[in-house]
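This report concerns only the one structure given below.
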Amino acid sequence: MSGPEVLLIRLAGTVAGAIAKSPLTPRPGAALVGDPVRPLPRPVGQDAPRRLARVLAGRLSDAYAALPEHERQAAADSVQDTFAAAGALDAELLFSLDLDPARLCARLRAPAAGLSERALGLYDELLGLCCAHVVEQLTAHLSFTARAAVEQTRAAGRTRELVEDVRDRMGPRPAAAALEFEGRYAEYVAAAQSRLELYGLTLGRSAGEWPLDTAYISLAVTGEPAGDRWEFHGAGVVGQGPVKAEQALRGARRVVLRGPAGSGKSTLVQWPALNAARRTFPAELAAWNACVPFVLRLRAFTTSAELPLPADFLRAAGVPLGASAPAGWVEDLLTSGRALVLADGVDEVPARLRARTESWLKSLIAAFPKARYVVTTRPSAVPEGWLTGHGFTAHSLLPMERGDIRAFVRHWHDAARRECPPDAAQLDTYEQTVHGEDAFPPGQLIRIG
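In my numbering, the protein residues as written are 157 to 605.
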């Protein structure tokens, strides 16, 4: 036996004894019975201390080779005293420490007073190695798996009781309830806003409602005049040409869309509502996918004494799910900036009530400045620069060019074909008659919703 092994033999014997005394020594089942039938032999044989001493000596760092013999002996004796004072390492202690050798080491650590700095380092290294050996040996016992299963089952039961107690006292988590309702609301909005009204197309049905996904085309907008040129702030650039509506929304949190009747304002309200509900905005509007839309048709409030507050948004929008909404749900979305308020049709509000509508919008903005707002109106209904002092970017919908008209006609007929397959041949004939070069003069306005 080498010198380091002789030095560590007494320590190894103490550690081996602690393992032998542990309640996790092999017994039938999970060691839950004090006097089990046919007890298994103990794993620690007479040569165990010598084998452990060899392991410890082999793993000690060379950094302690130059440490004087008496200091090495003092460190080893101190670790031996630590384990002797610990007694039996019972299952409750080991499982409370998650069978972590580092946590066991921290729990047992009690170095003798007067150890030098280097001897203290040796003490910590020896204690760590011994704790790792203890845990390794105990988890290798035949009874460990069964006992661990018992401890895990008990811990799971305690956790379940705690969760049930908290749930009974506090009810369902507000966040979980809000998330569940948000999913239901998104499904409703996706269904309610997925149809587009196409005036003049009545083939096969009494109401001209058709899939928005198929019939929608991207419309062009321009900024409000600034001096003798046009500025496009919503797209994040300044220029003198038109931009697509989607580009105009990028980077803008408050937008006024102006356009004459039938220019597509209401369609541009449906499009962000549908994409927010489905979370299908294109990459340039990816931030809008986190929004929850609220479509408020302003004409519905002309006979009301007051315009809706956030708590009334769902009822005012005719959403039948409002009764099951968590308390404060809409206000929380507005406060966090996730709400997308789509106020459609300022021009449909009687002139005597438009000042009230403007005050309502300003109050919402003051109370919930982080939310997104899109407002539509005819140009004649509001003055130039309306709401620009409150951070709104104004855009005017432009008449469709010949290419846009052709795309619209194609989408129009594609939507009809999907809804009325038996009439596809007739629709092909109709479409061909309107695709001539002079079918629509440039700039002609077509009512699209």
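Ideal placement from N, C-alpha and C gives every residue a C-beta, glycine not left out. Treat the numbers as computed from the prediction; the structure is a model and nothing was measured.
7 angstroms Cβ shell around residue i - same chain, five flanking residues per side excluded
{"i": "ARG263", "result": "LEU253"}
{"i": "ALA527", "result": "LEU490, GLY493, ALA495, VAL497"}
{"i": "LEU307", "result": "For the sequence presented, residue 307 should be read as Glu rather than Leu. Within the same chain, GLU307 has close Cβ partners PHE251."}
{"i": "GLU504", "result": "LEU454, ARG455"}
{"i": "ALA481", "result": "PHE337, LEU470"}
{"i": "PRO633", "result": "With the chain covering 157 to 605 only, the question about residue 633 has no answer from this structure."}
{"i": "LYS518", "result": "HIS546"}
{"i": "THR544", "result": "ALA550"}
{"i": "ALA446", "result": "ARG494"}
Exposed unless 16 or more other CB atoms sit within 10 angstroms - verdict on residue i
{"i": "VAL394", "result": "Here the model assigns VAL394 a pLDDT of 42, short of 50, so the residue's position is not dependable, and the following value carries that caveat. VAL394 comes out exposed."}
{"i": "SER272", "result": "exposed"}
{"i": "GLN349", "result": "buried"}
{"i": "ALA247", "result": "buried"}
{"i": "VAL377", "result": "buried"}
{"i": "ALA401", "result": "buried"}
{"i": "PRO224", "result": "exposed"}
{"i": "CYS438", "result": "Before going further, note that residue 438 is Pro rather than Cys in the sequence given. With fewer than 16 other Cβ atoms within 10 Å, it is exposed."}
{"i": "LEU520", "result": "buried"}
{"i": "GLU319", "result": "In the sequence on display, residue 319 carries Val and not Glu. Result: exposed."}
{"i": "ARG435", "result": "exposed"}
{"i": "PRO105", "result": "Any question about residue 105 goes unanswered here, given that the chain covers just 157 to 605."}
{"i": "THR309", "result": "exposed"}
{"i": "ALA209", "result": "buried"}
{"i": "THR459", "result": "exposed"}
{"i": "VAL425", "result": "buried"}
{"i": "VAL322", "result": "exposed"}
Spatially closest choice to residue i from the options, by CA coordinates
{"i": "ALA230", "options": "ARG435, GLU336, LEU255, ARG166", "result": "ARG166"}
{"i": "LEU441", "options": "ALA417, ARG409, ALA472", "result": "ARG409"}
{"i": "ALA168", "options": "LEU517, LEU223, HIS546, SER234", "result": "SER234"}
{"i": "ASP500", "options": "ALA523, VAL531, PRO476, GLY478", "result": "VAL531"}
{"i": "TYR279", "options": "GLU307, LEU294, GLN236, TRP542", "result": "GLN236"}
{"i": "ALA523", "options": "ASP488, ALA269, VAL211", "result": "ASP488"}
{"i": "LEU509", "options": "ALA481, THR549, VAL538, ALA222", "result": "VAL538"}
{"i": "VAL451", "options": "PRO525, PRO466, ALA461, GLN293", "result": "PRO466"}
{"i": "HIS289", "options": "LEU212, ALA311, ASP324", "result": "LEU212"}
{"i": "GLY418", "options": "ARG323, THR549, LEU375", "result": "LEU375"}
{"i": "PRO525", "options": "GLU540, PHE548, PRO506", "result": "PHE548"}
{"i": "ALA332", "options": "ALA483, GLU540, LEU164", "result": "ALA483"}
{"i": "PRO205", "options": "ASP468, ALA222, ALA461, LEU164", "result": "LEU164"}
Beta-carbon separation (whole angstroms), residue i vs residue j, contact threshold 8 angstroms
{"i": "TRP485", "j": "ALA346", "result": "In fact, because the Cβ distance is near 18 angstroms, the residues do not count as touching under 8 angstroms."}
{"i": "PHE251", "j": "VAL171", "result": "About 20 angstroms separates the two Cβ atoms, so there is no contact after all."}
{"i": "HIS546", "j": "VAL411", "result": "Incorrect: roughly 12 angstroms between the Cβ atoms, too far for contact."}
{"i": "LEU553", "j": "ARG406", "result": "Rounded, the Cβ-Cβ distance is 17 angstroms, inconsistent with contact."}
{"i": "ALA472", "j": "PRO449", "result": "Contact flag wrong, Cβ pair sits at about 14 angstroms."}
{"i": "THR513", "j": "LEU454", "result": "6 angstroms"}
Opposing strand residues paired with residue i [DSSP bridges]
{"i": "ASP500", "result": "ARG453"}
{"i": "ALA288", "result": "DSSP, once it has assigned bridges, lists no residue as partnering ALA288."}
{"i": "VAL399", "result": "VAL377"}
{"i": "THR532", "result": "LEU413"}
{"i": "ALA472", "result": "In DSSP, ALA472 forms no bridge with anything."}
{"i": "VAL448", "result": "ALA495"}
Same chain only: Cβ atoms within 6 angstroms of residue i, ignoring 5 sequence neighbours per side
{"i": "LEU260", "result": "LEU253, CYS287"}
{"i": "GLY615", "result": "Nothing about residue 615 can be read from this structure; the chain reaches only from 157 to 605."}
{"i": "LEU463", "result": "PHE457, TRP516"}
{"i": "LYS421", "result": "LEU413, GLY415, THR532"}
{"i": "ALA275", "result": "GLU227, ALA230, ALA231"}
{"i": "VAL291", "result": "LEU255, PRO257"}
{"i": "PRO535", "result": "ARG414"}
Same chain, Cβ closer than 8 angstroms to residue i, five either side skipped, listed in chain order
{"i": "LEU477", "result": "PHE337, ARG340, TYR341, TYR344, LEU470"}
{"i": "ARG265", "result": "THR238, ASP280, LEU283"}
{"i": "THR315", "result": "none"}
{"i": "TRP444", "result": "LEU405, PRO428, ASN431, ALA432, PHE437, LEU496, ARG528"}
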